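Counted from 1, the sequence shown has number 369 at position 366 by our numbering; the numbering is strictly sequential.
Report on one structure; see the data block that follows.
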Amino acid sequence: MVLLAVHLSRCSRVCSLSALLSRHVQVSKHAGRPLRTSCRRATDSFHPRAAPTGPRLSLRGNAPTVCFRVGPRTASPLHPAPVHRFHTSAPRGALPAPLIWMVLKPLQKLAAMILGRSLRKWWAALPDNRRQLMREWVRMRRWHLAVGAGVAMVIAALLLLTHLDESPVTGRTRLLVFSRENYMELAALTSDAYMEEFAELLLPVTDPRHKVVERVVQHLAQRNKDIPQVSDVTWSVHVVQSPNVNAFVLPNGKVFMFTGMLDAVADVHQLTIVLGHEMAHAVLGHSAEQASLSHVVDLLSLILLTAIWALCPRDSLALLGQWAQDKLTQLMFSRPYSRKLEAEADKVGLQLAAKACADVRAGPVFWQQMEIKDQLTGEPAFPEWLSTHPSHRNRFTLLDSLIPEALELRESCICPALPDSDPRVVFSKSVQVLLETARDQGRGGPEGTSKPHLPYSPASLPSAMPAALLAQTASFPSSNVNQESKGPVPVVASETTVATAVPAPAEGDAPRCGVQIIS
């Protein structure tokens with residue numbers, strides 16, 4: 004019984020020490036002498052020591068590793084102590100704030116609905132005299148309530164003012180509730196989800212289309228490395244086999260390009276402008292900015308949602324009012340702000356492309372192509388105020404108005420001269436010729452009619468267009484190019500126009516131009 008009690012006493016000591024272990028535990032045994040312990044919290048270490056002539060037991064913690072040693076004061080090389088290691092799971096980091104908000108967003112709406120409905124039921128259950136007393140109480144304290152509401156509005160305004168931020172490149176003042184660091188964490192989770200979703204559709208890195216996008220992205224990043232938001236990000240490319248005409252870039256530099264977009268562009272210059280637009284979204288932090296606005300609008304709309312469910316006499320009317328509130332919020336705040344950010348990305352993306360020595364005149368042509376392509380394919384045209392993006396015509400008009408300033412920026416970056424043939428003029432003349440040809444064919448009867456193909460449309464491009472784009476980007480300066488080396492970068496190559504090749508500055512020749520704000 005005595006031996007059993009001693010054994011249980013020692014086991015209880017060891018179990019109490021196990022709560023301090025996190026990573027590795029090393030145990031060295033030396034029996035025969037009693038132990039006494041001393042703990043020091045300040046150093047995060049634990050030293051169970053034996054009698055003056057006995058062994059020593061030590062437990063030390065440092066960062067994620069904790070060591071537990073039991074052994075004599077002087078170790079002997081002939082009798083090494085046995086070592087045992089225990090491994091625990093890695094500590095988990097906190098969820099990103101935007102992700103937590105996305106999870107709580109529907110719960111907040113549900114709570115507002117329940118609160119409003121409960122207030123309506125409570126008010127309906129009150130007798131008439133109690134309702135009259137409540138109205139009198141509100142009337143007598145209306146000034147106190149007004150002052151309280153005013154103080155609450157001032158506090159809310161001060162909180163918003165403390166979250167104002169200056170947008171990079173443009174210098175625009177904006178509201179930023181979520182920091183860039185928070186969205187970097189969320190972007191890592193989002194990119195993993197996209198990689199899993201597109202796992203079977205991703206093109207290999209040896210595919211010519213992947214090489215095209217990779218070279219253009221790296222060329223844009225190299226030529227705009229004077230912008231911290233560009234140089235601080237590691238840009239990586241993923242090309243998805245899909246007919247969708249789409250591309251997007253996550254805040255952490257993950258570029259996702261769909262093959263449908265590669266089929267829609269006519270040359271490497273249009274591809275550069277499209278990628279510059281998408282990279283501008285990441286550089287400017289538009290995802291965090293748009294989520295911040297949505298967060299503030301949602302919090303304010305909770306008050307209106309509670310009032311709707313409290314004042315509507317029936318749940319069906321409350322649901323209808325909630326639907327109307329959501330649509331009005333989108334039409335008045337979310338979609339106009341999204342169009343504003345898209346227009347800003349068009350401006351900054353044109354700057355990035357200009358500093359990369361692309362022919363910026365190809366930008367308006369791309370949106371002309373998209374507009375006519377939608378007309379030929381019968382795509383429904385919705386009013387711009389219903390969309391999150393500007394219309395093709397307005398994007399063409401905006402970029403066309405910015406071409407003179409973009410050409411000045413391109414020239415200041417010591418870029419080679421552009422050919423005399425303007426892609427905008429060439430495209431307009433080509434469209435006129437195609438329209439006249441279509442009219443002539445229409446006069447010949449239904450047998451002779453056929454849909455005209457745009458000079459830069461996918462139907463008119465050769466089947467080896469990815470290889471042609473790859474050839475155009477083959478001379479883009481790479482990371483190990485000598486400062487003395489320079490190579491040609493061809494411009495537009497299509498069925499209707501063949502432009503001469505122009506040399507691009509080498510990577511070592513950093514662009515001698517600063518970031519210009521295009522107003």
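A virtual CB, placed ideally from N, CA and C, is assigned to each residue, including glycine.
This one's a predicted model, so the numbers in the text were calculated from it and none came from an experiment.
Is the CB-CB distance between residue i and residue j below 9 Å?
i, j, result
"residue 360", "residue 226", "yes"
"residue 284", "residue 251", "yes"
"residue 342", "residue 392", "yes"
"residue 219", "residue 239", "no"
"residue 287", "residue 182", "no"
"residue 296", "residue 340", "yes"
"residue 186", "residue 294", "yes"
"residue 426", "residue 368", "yes"
"residue 248", "residue 267", "yes"
"residue 102", "residue 189", "yes"
"residue 375", "residue 434", "yes"
"residue 410", "residue 364", "yes"
"residue 260", "residue 223", "no"
"residue 116", "residue 325", "yes"
"residue 230", "residue 172", "yes"
"residue 344", "residue 387", "no"
Kindly indicate which residue of the options has the alpha-carbon position closest to the one of residue i.
i, options, result
"residue 413", "188, 388 and 352", "352"
"residue 305", "424, 217, 369 and 112", "112"
"residue 378", "424, 390, 396 and 432", "396"
"residue 373", "441, 394 and 196", "394"
"residue 255", "237, 334, 406 and 310", "237"
"residue 303", "315, 329 and 314", "329"
"residue 194", "210, 139 and 253", "253"
"residue 264", "223, 383, 216 and 282", "216"
"residue 110", "230, 209 and 301", "301"
"residue 404", "349, 184, 144 and 387", "349"
"residue 419", "445, 357 and 407", "357"
"residue 406", "114, 344 and 362", "362"
"residue 366", "438, 399 and 232", "399"
Helix, strand or coil: which one does DSSP assign to residue i?
i, result
"residue 243", "strand"
"residue 181", "coil"
"residue 257", "strand"
"residue 387", "helix"
"residue 252", "strand"
"residue 31", "Annotation note: pLDDT 40 at residue 31 (below 50); position unreliable, coordinate value reported separately. Correct three-state label for residue 31: coil."
"residue 173", "coil"
"residue 168", "strand"
"residue 129", "coil"
"residue 205", "strand"
"residue 228", "coil"
"residue 211", "helix"
"residue 558", "A query on residue 558 cannot be resolved here, the shown segment of the chain reaching from 4 to 522 and no further."
"residue 440", "helix"
"residue 237", "coil"
"residue 361", "coil"
"residue 382", "coil"
"residue 159", "helix"
"residue 348", "helix"
"residue 417", "coil"
"residue 270", "coil"
Would you call residue i buried or exposed, if buried means 16 or more other Cβ atoms sit within 10 Å of its Cβ?
i, result
"residue 371", "buried"
"residue 381", "exposed"
"residue 147", "exposed"
"residue 355", "buried"
"residue 279", "buried"
"residue 309", "buried"
"residue 73", "With a pLDDT of 46 at residue 73, under the threshold of 50, the modelled position of this residue cannot be trusted; read the value that follows with caution. Classification of residue 73: buried, given that the 10 Å Cβ count is 16 or more."
"residue 221", "buried"
"residue 214", "buried"
"residue 417", "exposed"
"residue 158", "exposed"
"residue 347", "buried"
"residue 317", "exposed"
"residue 429", "buried"
"residue 262", "buried"
"residue 199", "exposed"
"residue 321", "buried"
"residue 154", "exposed"
> Counting pairs of beta carbons, one from the region 270-285 and one from the region 145-163, are three or more of them closer than 8 Å?
Replying inline: no
>> Quick check: the region 240-256 against the region 184-204, are at least 3 beta-carbon pairs closer than 8 Å?
In response: yes
>> Taking contact to mean 3 or more Cβ pairs, one atom from each stretch, closer than 8 Å, check whether the region 311-322 and the region 104-123 are in contact.
In response: The region 311-322 makes contact with the region 104-123: 3 or more CB pairs, one atom from each, lie closer than 8 Å.
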